[in-house]
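Residue numbers (our numbering), protein chains in the order written: chain L, 1 to 117; chain E, 118 to 234.
Following: one structure in structure tokens, then a few remarks.
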DNA sequence: GACATTATGTAGATGGTCGATATATAGTAG
DNA sequence: CTACTATATATCGACCATCTACATAATGTC
């Protein structure tokens, strides 16, 4: 087994939360970091925002782990953009994250005394 | 334009997540810290567990903030238990947390590409 | 007596996020 | 033409919550 199953605890909550947002946004298509942050902020109605100091380290880590793949677009002088796209491993990992989050939210809602419809 | 809503970062959610578990568990009735951790672990099917190094500092902080109230039960020699119970402020705060959590799950599920029924 | 369980507590290490700072280009306001 | 804003990526130190480990103390048990 090569896949690392993300099991969400209180600790990894924030970490996997940001990972999930990024990977999920990349599923719509390859895009560069700056665009990614803008998209997520827009889709969340301004509630989830990425600071640069948070976003880029995560992207580098995800790339190192082989979940995303980055490529510099060399469009003349203007090109200083790195396009990221999901790898196959990244998609599998994202599926695991989605499942973990559904489970997590269900359990948490249960403990909080609210039924999940 | 909408009013300046405190847009909660991932960190504050992780923080409020533990608070919410504790406060919600105390709503079932006053109990001491050790019991609290056991209850939450049981109710979550073993998924959420509190380490003592995490639990007690949070309890102390919640008490200092007036959200819970602790009292040492002086049951002879055996009594080395501190019973905590929700204050009125704590219940109000918990209601706010529940609302914030519902909102959070809705927005997050939306960004993750899953509809909330 | 040694050990496990219940019960609370603190200190140092770890690790992720935030704010600030840096670079570089392009467009616009003055 | 200078200043400022926006786009775009990147790093570093500060902050802070959690984790691991250690410490205390009483009770029950082998």
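Glycine is no exception: its CB is placed at the ideal position from the N, C-alpha and C atoms.
What you are looking at is a predicted structure, and each value in this text was computed from that prediction instead of being measured.
Cutoff 8 Å: residue 43(L) Cβ touching any chain E Cβ: yes
Contacts of residue 138(E) in chain L (Cβ-Cβ under 9 Å): 10, 108, 111, 112
Minimum Cβ-Cβ distance from residue 218(E) to chain L less than 8 Å: yes
is_contact[residue 40(L), chain E] using C-beta, thresh 8 Å: yes
Straight-line Cα distance separating residue 34(L) from residue 190(E): 56 Å
Inter-stretch contact (C-beta, 8 Å, three-pair minimum) for the segment 92 to 105 of chain L and the segment 14 to 30 of chain L: yes
Ordered list of beta strand (DSSP E) runs contained in the segment 184 to 215 of chain E, each at least 3 residues: 185 to 190, 198 to 203
Closer than 8 Å to chain E by CB, residue 73(L): no
Residue-chain proximity (residue 81(L), chain E), Cβ-Cβ < 8 Å: By the rule that beta-carbons nearer than 8 Å mark a contact, residue 81(L) does not touch chain E.
Given residue 37(L) as reference, the closest of 96(L), 97(L), 21(L), 109(L) once Cα atoms are compared: By alpha-carbon distance to residue 37(L), the top candidate from 96(L), 97(L), 21(L), 109(L) is 21(L).
CA-to-CA distance, residue 213(E) to residue 207(E), given in whole angstroms: Straight-line Cα distance between these residues: approximately 10 Å.
Start-to-end residues for the alpha helix (DSSP H) that takes in residue 168(E): First-last for residue 168(E): undefined, no H or E at that position.
Residue of 48(L), 86(L), 71(L), 51(L) minimising C-alpha distance to residue 29(L): Residue 29(L) has its Cα closest to that of 86(L), out of 48(L), 86(L), 71(L), 51(L).
Residues that DSSP places opposite residue 181(E) in a beta bridge: According to DSSP, residue 181(E) bridges with nothing at all.
Beta-ladder partner(s) of residue 16(L), from DSSP: Looking at the DSSP assignment, residue 16(L) forms no beta bridge with any residue, so it has no partner.
Pair within 8 Å by beta-carbon distance, residue 168(E) and residue 201(E): no
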